[in-house]
Amino acid sequence: MAEVKKKYGINTFNKAYSVDVEATYGKLTYLETIASERFNYIDLYNGTIYDSQAELDKMQPDKNFQKVENTHEISNLYVQAYSEVQKDTMDIAVPLDFDDSKFKMNDVVRLTGKVVARVHPQTKQVVMTTANGRTRQETVADYYFTVSAEGLEKVVADFKPTQPQPESQPKPKEENQKK
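Written as structure tokens, this is what we have:
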């Protein structure tokens, strides 16, 4: 029996599709680098440590038995850049050893190495108005994209020194010519 390969779906998208960086994002303007620190979410009742506040809330709804600690360890590093095509500021995940000392605000930059865009499913609450005019809250599917790159480099404009141009155009006629 032949193996059936799934053609569509989020996992297929995340694994198989590369990003045309120039067409998707256009000119990128560097804004800043942001470090995301790791937090521990602790259930004081039984000592369990969770990775997120939502996970802790689900397991221990009593806020008196919750504690949040900043570990001061950098868990993720993001570069904020403005995309002319997207007309929005983007958070681009970069490796933890990324050196941002050579970038200044408003430098034009280019993503280097492997660039990956991933789609992530989530849900959100929306207020719906029914046919009879009442409103109700519904949970609907929602998606967001993340972008990661192996690195970033400054785009240096081609510098061409100005040289005097040969006079190939005719000189303008004087207005007060002989009459």
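Be aware that the sequence shown starts at 5, since it is given in the numbering used here, and climbs by one per residue. Each residue gets a CB set at the ideal place from its N, CA and C atoms; glycine is no exception.
Per the C-alpha coordinates, the member of 78, 75 and 145 positioned closest to residue 126 is 145.
With a contact defined as Cβ atoms closer than 8 Å, residue 116 and residue 156 qualify at about 6 Å. The C-alpha of residue 143 lies about 6 Å from the C-alpha of residue 130.
Annotated three-state conformation of residue 70 is strand, per DSSP.
Judged by DSSP secondary structure, residue 104 falls outside any beta strand (DSSP E); it is assigned neither H nor E. Rounded to the nearest angstrom, the gap between the Cα atoms of residue 57 and residue 123 is 22 Å. Along the length of the region 107-146, whole beta strand (DSSP E) runs at least 3 residues long occupy 112-133, reported in chain order. Burial check for residue 96: the Cβ neighbour count within 10 Å reaches 16 or more, so the residue is buried. Separation of the CB atoms of residue 90 and residue 29 is rounded to 6 Å, and the pair is thereby assigned contact status at 8 Å. Its Cα nearest to that of residue 110, the residue 88 stands out among 121, 88 and 120. Secondary structure of residue 28 (DSSP, three-state): helix. For residue 61, the enclosing alpha helix (DSSP H) covers residues 57-63.
Secondary structure at residue 158: strand, using DSSP grouped into helix, strand and coil.
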